[in-house]
Structures are given as C-alpha cells and as structure tokens.
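Numbering (the numbering used here), first residue to last: 3 to 337.
Beta carbons are placed, not taken as given, at the ideal position from N, Cα and C, and that holds for glycine.
Since we're looking at a predicted model, the values are computed, not measured.
Each remark here refers to the structure printed beneath this line.
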Amino acid sequence: MTASKAILTDDFGRKHNYLRISLLEKCNLRCTYCMPADGIALSPKASLMTAEEIFSIAQTFVENGVDKIRLTGGEPLLRKDFPEIISKLASLEVSLSITTNGILIDRHIAVLKQFKIKKINLSLDTLVSSKFHTVTLRDQFQKVIDNLHLLLNNDFEVKVNVVLIKGFNENEILDFVKLTQFLPISIRFIEFMPFAGNEWDRSKMVSQNEILFQVENTFSSDKIQKLEDEENFTARTYKIKGFQGNFGIISSITNPFCDGCNRIRLTANGKIKNCLFSNAETDLLTPFRNGESITNLISDSIKNKKKVRAGMVTVSEMDDPALHFDNRSMIAIGG
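In structure tokens, the structure reads:
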C-alpha cells in the first residue's frame, strides 16, 4: 500500500501526526495515580519492542504523516538502550521529545544534545519534599529539583507536569504559578484521570475553574494574560505578565479537547491505542514480527476512534467504573 496521510485521518477529519511511544512499563517511582498499590503484571521482556522494532514501526507512522514523536514510559530513561533508540529515531524527519520523572536525566544530557532533543516534559507533583515521598514512595525530590535546574541551565525547553489531586496538592497551585516568575518553564496542571487501579473518583479532581479561581484571587485581572492556544492543544495556557514562564491547564475530564486530538499511543509491547481513555488496543508487534504489513491495522484503529473520550461523552459517564476499569494502568500506557 502506498504511504498516505489518509490512513491517519479518522472519521471526524482529525489528522494524527503525533505518536507517543512507551519504551517500557517499569518506573523508579511508585506514583499512586499512575501505578496500582500492588504494582502491575509486567509484560515479558521478549514481548517488548526492541530498539530496531521501535524504529521500524515508527518509520511506518512517519511515512504516513507523523512528524512528532514523544518517548514515554514507565520511565523511558530506564531503558539501557535509550541512546540507541534516540539515535535511530533522530534519523527520521520528526520533532523528538521525552517525558521523564527527571531522576536519571543528568546521565543523558550529552546524548540529548547530540541529537538535538530540546523539549522535555518533567513530572513533578509537589514542591514539598515530604509530600513527594508520600505520592512517589521514594526520596528523590532533591534530585528532581537539581535536574530541573540542570536542564534549564543547558537551555532545554521544560514543561513541568503536575497532576492535581484534591486533598494532596491543590494548595500548591499558586506556588507552582509563582515558580514561573523566576524560571522559564511551562507548568502544566493536569486533571486526575481514571485508570486501572488508581482509585479515581470525581471528588478528587481539581477542575480548570478551581485552578483559575485561585489564580484570579491572587493576581489582578490585568496581570493574567491568556496565551494563544497551540494547534491541536491539550493545555489552555496563561501567563502572569512580567513572569518568565507560563502555566497551562489540561482538563481532559471537565473541559476536553477531543475535537483537535492528533495523538496516537504505542505501548511498550507494540499495541496501538487510539485514545488515552480507550481499553481497545490493536497489536502491531506480532504481525510486524511475522513480516506482515501493519498499515491496514493502523488505519482501522484510527477509523475506530470515538469522537470524545472513547465514547464517554459526559462527565457522569466517567463516574461509571465499568466503562474504564479494564483500561491499562497509566504506567503501562505511557503518558
């Protein structure tokens, strides 16, 4: 089949040019919203994509219109062949970026620079060391903070992902916003979302309106600047005038952005997910290893994509665990 961007266009006219590849299911943190308390059953190593398979499958997507690839995990930097994966993907005509918890990134500064990877999303849900241990079950707060500054000192473009959970860190919203006064970073406040084993319920969410209420009650209205949203945006972005950085709100539950979704997810064991909320997956790795074309499988998956959140149109539908309990845990999907 001749390469065609049409295979990445769904029935609602959305063109999918952004591929998020999970490199593995393991992580060196145990964030409660990401990994169930009892852990997960890891895929056997033999069922995970090799560096060459990651490259070859990604190449198929690129030939059909993908021009942006983000590497995720688990924690992608735990892959011992991470430099090899980067070197292969860098040969494709794409914008490369990664999402990381930041603990190991100091070891990879040179290779990231070598292959001109400038965009880093760093997960950090609290600015309080004791609370960091509470949510991650690890004492790595200072390492993450040090590596955040290391990235900035080396001119990386850093977005800080903050999953907001009521009763845990909603009282730090303003602290994160004030961080942008002195640091050229983009804070991304992310609504708590339901995945297998994370005990989600709507009462734990912090909505876009609640975030803006706090900001508007601290800064005068003429100080808060609404920035133009990017094409295919996930975060609605704002800036406090005079501050170096900015902040955005990713409100997948209360204010979804599905109309402009351009993202496809490839799990570490080679399965495509056409929506973060969907429990439907299409195995690409098995037919690929059998020497079969995967183009039609990709096309079928994209065509089957629902208009909104895997068919969960209303927030009340999200309250029904039967509609999402058998989705993967976040750690096994990749952000």
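Quick one: residues in its chain with C-beta nearer than 7 Å to the C-beta of Ile147, no 5 flanking neighbours on either side, listed in chain order? none
Can you tell me where the beta strand (DSSP E) holding Lys17 begins and where it ends? Taken as a continuous stretch (DSSP letters only), Lys17 belongs to no beta strand (DSSP E), as it is neither H nor E.
Excluding the five sequence neighbours on either side, which residues of its own chain have a C-beta within less than 6 Å of the C-beta of Ser280, listed in chain order? Ala312
From the DSSP output, read off the bridge partner residues of Ile250. The sequence given here has Gly at residue 250, not Ile. In the DSSP output, where bridge partners are listed per residue, Gly250 has Arg190, Thr239.
Top-ranked residue by Cα proximity to Ala60, from Lys307, Lys305, Ile296, Gly250: Ile296
Closest to Leu154 by CA distance: which of Leu129, Gly247, Lys225 is it? Gly247
Taking all protein chains shown into account, do 16 or more other C-beta atoms lie within 10 angstroms of the C-beta of Leu139, making it buried, or fewer, making it exposed? By the 10 Å Cβ count, Leu139 comes out exposed.
Are the stretch 10-28 and the stretch 256-271 touching by the rule of at least three beta carbon pairs closer than 8 Å? yes
Taking 7 Å as the limit between beta carbons, can you name the residues of its chain near Asp285, skipping five residues before and five after? Gly272, Lys273
Compute the distance between the beta-carbons of Leu80 and Lys28, then report whether it is under 7 Å. yes
Inter-stretch contact at 8 Å, needing at least 3 Cβ pairs: the stretch 152-168 / the stretch 97-117: Cβ pair count under 8 Å is three or more, so yes.
Asn211: buried (16+ other C-beta within 10 angstroms of its C-beta) or exposed? exposed
Report the three-state DSSP secondary structure of Val160 (helix, strand or coil). strand
Mind checking which residues open and close the beta strand (DSSP E) that includes Asn123? 121-125
Measure from the alpha carbon of Gly293 to the alpha carbon of each residue in Ser58, Leu31, Lys168, then state which is nearest. Ser58
Determine, using beta carbons only, whether Val162 and Ile187 come nearer to each other than 7 Å. With contacts defined by Cβ atoms closer than 7 Å, Val162 and Ile187 form a contacting pair.
Please report the straight-line C-alpha distance between Thr182 and Ile242, rounded to a whole angstrom. 8 Å
Could you please give the first and the last residue of the uninterrupted beta strand (DSSP E) stretch that includes Arg72? Note, Arg72: beta strand (DSSP E), 70-74.
Is the distance from the Cβ of Ile226 to the Cβ of Phe191 below 7 Å? no
For Ser99, three-class secondary structure by DSSP: strand
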